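Just below is one structure, and these are the notes that go with it.
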Amino acid sequence: MYQITCPHCGPRAQTEFTYERTTDSVVDPAGDAQTAMQALYTRANPMGLDDEIWRHTYGCRAWMVLTRHRVTHEITAVKAIGPEALP
Amino acid sequence: MSGPNRPATGAETIAFTFDGTTYHARPGDTLAAALLANGVGLVARSFKYHRPRGIMTAGIEEPNALVTIGTGGRAEPNTRATDVFVYPGMVANSQNRWPSLAFDVASIFGLAAPALGAGFYYKTFFGPAKHWMLYEGFIRRAAGLGNAPTEADPDNFSQKAGFCDVLVVGSGPAGLKAALDAAEAGSRVMLVEQDAVLGGSLLRDPDPSIDVAAMVERIRALGGEVLLRTTASGYWDHNFLTLTQRLAEPGAVPEHGFAQRLWHVRAGRVILATGLIERPVPFANNDHPGVMLSQAVRSYVRRWGVLPGKRVVIATNNDDAYLTAEALVDAGAEVVALLDARASGPAAPAGVTVYHDARPSSVTGRKHALRKVTAVICGSEQSFDADLIAVSGGFVPVSHLHMQAGGKLTWNEEAQAFIPGETPQACETVGAALNPLPAPAIAPVGKAKKSFVDFQNDVSLADIDLAWQEGYRSVEHLKRYTTLGMATDQGKTSNMVALSRLAERQGVTVPEAGLTTFRPPYTPVTMGLLAGAGARNAGAHVRRIPLHALHAAHDPIWQPLGYWFRPRAYPVNGESLAEASLREARTVRTLAGLSDVSTLGKFEVSGPDAAALLELVCATTVGKLAVGRGRYTFMCREDGFVNDDGTVWRLAENRYLLTSSTGGADRMAHHISYVRNSLRLDLKCSVVNVQEHYAGIALAGPKARAILASLIGAEPPRHMGYAPGVLAGVPVHVLAASYSGERAFEIHVEATHAAVVWHAIEAATRVEGGAPYGLEAMELLRIEKGHVVVGGEVDGRSTPHDLGLGGMLNKAGGFIGAAGLTRPALSAPNRNNLVGLVSLDGPIPEGGMLIQRAGQSPQGHVTAAARRILEGGAIALALLQGGHKRHGEEMIVTSPTRGEKARVRVTSPHFYDPAGERYRD
Amino acid sequence: MIPPGNATVTDTTSIIALPAAPLHALEIWSNPVAVGARIQKGLGFAPPPLNRSTGNTATTLLRYEPTVWLVEGDVSVLADTLGDDGGLTGIGGGIVRFRIAGPGWRELLLEGGVFDTSAAAFPAGATAATVIDHVGVRLHAESEDACVAYVPASYAEGLHHFWEEALPLLGA
């Protein structure tokens, strides 16, 4: 089980998170079908670092991008998606 | 050996039974120590050949002495006698024998051993099938371990989180020191020990300079947590470890109802002080009771005061066994011979004859007791009368956790051992595991067929040789072909011996021969422990609807629906499910009924951009809704397929309520959050999941409007209208939506006030001759009306067009899935379309396939079958290739698995009031 | 034979289901600083930072999300401060509050959990959302002696039972 450092809550157990998709498979709702299908079905899937969208679903419910190594499972960076929290 | 091996001192206060005979143990005895003390040498029968087996080790690596502890649901099969501490009343039984341990009929398999060698199963499988049919039943009965209990385990299992800066595994001298150092440095420390007492190797080789009790007291005083009977069994990603803790001994009644605990520990740093496991020595009959590892002998003598033999031969290739000679001599045993495979060694205790260039070749015994050891000494054979042989083939560092952590091993040629090296995690190994004693490679001299390597799976040197002859080169293949290392001990005592043999055969070094993968768990784990509290209820809590208790008072038939439980029907006067649901459905069609729909997904969307968000999520238009109006809607996935459906209501200028299906509620919550909080951060709106905030009550039937009007003191909204109201003094939302096809309402009320509202509606409904209805009646009603259900007709492969919903799509596009829907395949003419089926004869089998004539490939399938509620006659909904254009066609529904068939006519799916006239007042 | 572990006094730890109370989700979607100032003016205290709580006798704000606060108690003042920058939505019907009081609350919440409830990681006044025995719950460390858990109503009975069963394990 990973430990993911949520940008809002700090280090938390993977159990609290859900994986959504890689950033290269995000579909622009205003885009055309071909681009959308390309994003959904032809992902880079690198054997190394990849940017993945996760959500701290059972924690602060916020979305974030993890840079995760697909072989070693090392997480090298976590970046919040969304408005910076109020002070 | 026979007779007791420990003089009674009066400390033998714990009575227990083994195979029905009562024995006595001292506090602190393992079952193995107690059995040895009582002179019980034969403890088990081997897995395949039913060979007699005794106790070989003093630790968790024990391959032979597997027993069943406890009775009934608490029985724990395949427990190592060396890893269970005797308690009063403990019931232990041997396994894999019939009729008794001493006289086991199936031991005749030992005579058939040549036929049951390595690869037996594979060869038999590849032979004619009838061979396997012939052997199977017999083999399944004969080969095996203990029996799984048939009763439910009465105990609970705890799962608990743990956090520490430093986790130390193993409480020997190195582990104790590491834990104390870390605690003194201010770290939060956890120290875990699989034994019931701390000390590790100190229990066998005491060191007066180490005060274990003082060290532990200090660690605890500094806030450290010290866990006994706790095994670090899994090492996972990011320094996450699972520990298994025995809160009660196997088979014992636990004090607090919990037998074991699974710890989930996140550690900043892990220190592995896991020590060494001694390597056995291969020679003929080296699995005989009375063959024991040298350090184990020393443990029994020093820790438990048990002398496992009176005339002992020691066989070694290293210096450590000389300490065993010393311990035995001190305890008054006779060391008949010390066979050292090396040309020289240290000084032996007085009176012990050391033979160099000496290695055992075989042992023999009588009545399962060891009698004679034969050795090859400087090339010639010599025999010794002995009742015990203590063997040491060197030492294997316990690197399991290190390897699970992704670590590397380095080869130590002198010790013939793999030493833990680097790891990618914050983890290091300390202590004896880094420094095994020099122990040179020694070629075995006994008969290979009887020289056992894997004792638990009955794999001998000859089996490894055979695998080699048959072309198995990779150690991974060898393992699978011979089953070496695949038993419950996972090869703790066998892997290195086997690897040496393979390397020798290949003419390569041991590291070149390779290693198999180390996988969790380190020692076997009870399944219930992994399930935790979920072992009781299929792994998850039941979700209770707000009015659960109220429904329960009606004694309904319950229906599990995802995690939820909902009333399926409310039978009266002994009705069956079918009778009750038909009565309830008829009541709705003719009078009125009420039903609990609290599990519907519900989202409150507010803010100036609420409509913009909904137009993105919903595939239908939303923006044009007037305040106080609602509509049916559905949501698509990005690929264009229908994701879920529901209704959307404009409660106020900037406030909407969106409902979704019960099963889709969690999925939609995630999806909507993704759209709102990941894709469209610019929107000024708030989406709040109010699924549980509101309880929902559906009121449906020709009399529903009048009933509701009397309850809220106002004219209820017309079909697809919304109005706030007060019912039984409680504020409610009234949504005029119909799933049944009748004039109907959903009344949503804050869940904490739902009971009073339900009671009021039920009372008013009963006055009109109505009654509550359950899910089954709801199913009859919606099928007849032709309403789709997510998970049934909406199966993840259906487009809006397939379901006849194409006309409702937002023509302006811009919703999630709009682009995906433009793909040509999604509007191909031969797609599966929603149709109705009317039976021309009997009932329509649900799940049946649609064909035109026998032998044809299916052209569709039945998604839901029912009957006309008032008129009678079987109907169904189905997905049929090109179905929209096939109304009127006659087909056959066939269910070969049930042997059922029906002739049907394809129709529109709307069997009941297709014009929707019954909605209008 | 097994020496006693780190003994804890447990007989005083209790689990109490609290009566239903008004609970709202307060979301701020624009001008957070200005809204924060208005709230401070209206309530007398600023909305708390993430994973913290603040309150007075009438209203408590608990923050679990970057843009959302859980409001316990009176929201009449708040409603007027939001304008078009935020919204309030009632959620109290779907949540059951449990107060776990006594010296064992931190240890009890480790049962079936994945979150570090130690005083260093979760001091009094802190809030956290996490998973306990597969159920998403929100925690509020009221004080050193008590924690309030906000549990989805559908799971309340199951989790209550889970905690009651685990109580005797404290210190074991």
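Residue numbers (the UniProt record's numbering), protein chains in the order written: chain A, 1 to 87; chain B, 1 to 921; chain C, 1 to 172.
Cβ coordinates follow ideal geometry from the N, Cα and C atoms, glycine included.
Quantities reported herein were computed from a predicted structural model and do not represent experimental measurements.
Own chain residues within Cβ distance below 7 Å of residue i, not counting five before or after
i, result
"B/R920", "H719"
"B/A736", "P716, P717, R718, H719, M720, G721, F745"
"residue 196 of chain C", "No answer is possible for residue 196 of chain C: the residues shown for chain C start at 1 and end at 172."
"B/V335", "V312, I314, A325, L328, V329, V352"
Residue span of the beta strand (DSSP E) that contains residue i, given as start and end
i, result
"B/I875", "874-881"
"B/S606", "601-606"
"B/D454", "452-454"
"B/H861", "860-867"
"B/V767", "Where B/V767 is concerned, there is no enclosing beta strand (DSSP E), although the alpha helix (DSSP H) it sits in stretches over 754-767."
"B/V354", "354-356"
One or two residues paired with residue i in a DSSP bridge
i, result
"C/W163", "Per DSSP, none; premise fails for C/W163."
"B/Y632", "B/T647"
"A/K79", "A/V65"
"B/N832", "B/Q881"
"B/Y722", "B/L735"
"B/A698", "B/S595, B/E746"
"B/M90", "DSSP lists no partner for B/M90."
"B/H24", "B/A15"
"B/V336", "B/V336 pairs with nothing; no bridge assigned."
Same chain, Cβ closer than 6 Å to residue i, five either side skipped, listed in chain order
i, result
"B/L821", "G640"
"B/E889", "V906"
"B/A626", "none"
"A/L49", "T67, H69"
"B/D153", "G73, G528"
Of the listed residues the options, nearest to residue i (C-alpha basis)
i, options, result
"B/G630", "B/L657, B/E61, B/D644, B/N573", "B/L657"
"B/V391", "B/G224, B/A432, B/G646, B/Y322", "B/Y322"
"B/L529", "B/N457, B/P77, B/V67, B/T244", "B/T244"
"residue 924 of chain B", "B/V297, B/A259, B/G431", "This structure cannot settle anything about residue 924 of chain B, because the visible part of chain B is limited to 1 through 921."
"C/R97", "C/A124, C/V75, C/V137, C/L78", "C/V137"
"A/T79", "A/R70, A/M1, A/G10", "Reading off the sequence, residue 79 of chain A comes out as Lys, not Thr. For A/K79, the nearest C-alpha among the options comes from A/G10."
"B/Y632", "B/P250, B/A764, B/V788", "B/V788"
"B/N156", "B/L262, B/V67, B/S839", "B/L262"
"B/L499", "B/A531, B/R269, B/P520, B/V459", "B/V459"
"C/P126", "C/A20, C/T57, C/L61", "The sequence shown places Ala at residue 126 of chain C, rather than the Pro named in the question. Answer by Cα proximity: C/L61."
"B/V291", "B/D387, B/V336, B/R246, B/L339", "B/D387"
"B/Q859", "B/R867, B/A866, B/A865, B/L850", "B/L850"
"B/T57", "B/W758, B/T493, B/E917", "B/T493"
"B/V169", "B/T231, B/A221, B/S710", "B/T231"
"B/H288", "B/R650, B/R51, B/L711", "B/R51"
Range of the contiguous alpha helix (DSSP H) that encloses residue i
i, result
"B/R667", "665-674"
"C/P32", "32-43"
"B/Q416", "Run containing B/Q416: none; DSSP gives neither H nor E here."
"B/H477", "475-482"
"B/E225", "Where B/E225 is concerned, there is no enclosing alpha helix (DSSP H), although the beta strand (DSSP E) it sits in stretches over 225-227."
Contacting residues, own chain, Cβ-Cβ under 8 Å from residue i (five flanking each side not counted)
i, result
"C/L30", "This sequence places Ser at residue 30 of chain C; Leu is not what is there. Cβ neighbours of C/S30 beyond the five flanking positions: D84, D85, G86."
"C/T8", "The predicted position of C/T8 is uncertain, since its pLDDT is 43 and thus under 50; a value taken from the coordinates is nonetheless stated next. Counting only Cβ-Cβ distances below 8 Å, and skipping sequence neighbours, we find P103, G104, E107, L170, G171."
"C/N6", "The pLDDT assigned to C/N6 is 42, lower than 50, so where the model puts this residue is not dependable; a value taken from the coordinates is nonetheless given after this. Here the set comprises G171."
"B/L879", "E793, D795, S798, D802, N832, N833, L834, V835, G860, H861, T863"
Could you tell me whether the stretch 570-581 of chain B touches the stretch 657-671 of chain B, using the rule of 3 or more Cβ pairs below 8 Å? In the pairwise beta carbon analysis, the stretch 570-581 of chain B is classified as not touching the stretch 657-671 of chain B: fewer than three pairs are separated by under 8 Å.
Take every Cβ of the stretch 77-85 of chain B, pair it with every Cβ of the stretch 31-39 of chain B, and state whether three or more of those distances are shorter than 8 Å. yes
Touching by the beta-carbon criterion (3+ pairs, under 8 Å), the stretch 480-499 of chain B and the stretch 447-460 of chain B: Contact holds: three or more Cβ-Cβ distances are below 8 Å.
Does the pairing of the stretch 666-679 of chain B with the stretch 613-627 of chain B give three or more beta-carbon distances under 8 Å? Three or more beta-carbon pairs drawn from the stretch 666-679 of chain B and the stretch 613-627 of chain B are found closer than 8 Å, and the two stretches are therefore classed as touching.
With a threshold of 8 Å, are at least 3 pairs of Cβ atoms found where one atom belongs to the stretch 424-444 of chain B and the other to the stretch 463-475 of chain B? Taking 8 Å as the limit for Cβ pairs, the verdict is that the stretch 463-475 of chain B does not touch the stretch 424-444 of chain B.
Can you give me, in chain order, the residues of the stretch 164-196 of chain B that have a beta carbon less than 7 Å from any beta carbon in chain F? Absence of chain F from the displayed structure is noted, the protein chains being A, B and C.
Touching by the beta-carbon criterion (3+ pairs, under 8 Å), the stretch 21-29 of chain B and the stretch 37-56 of chain B: yes
Check whether the stretch 539-549 of chain B touches the stretch 593-601 of chain B, taking contact to mean three or more Cβ pairs, one atom from each stretch, closer than 8 Å. yes
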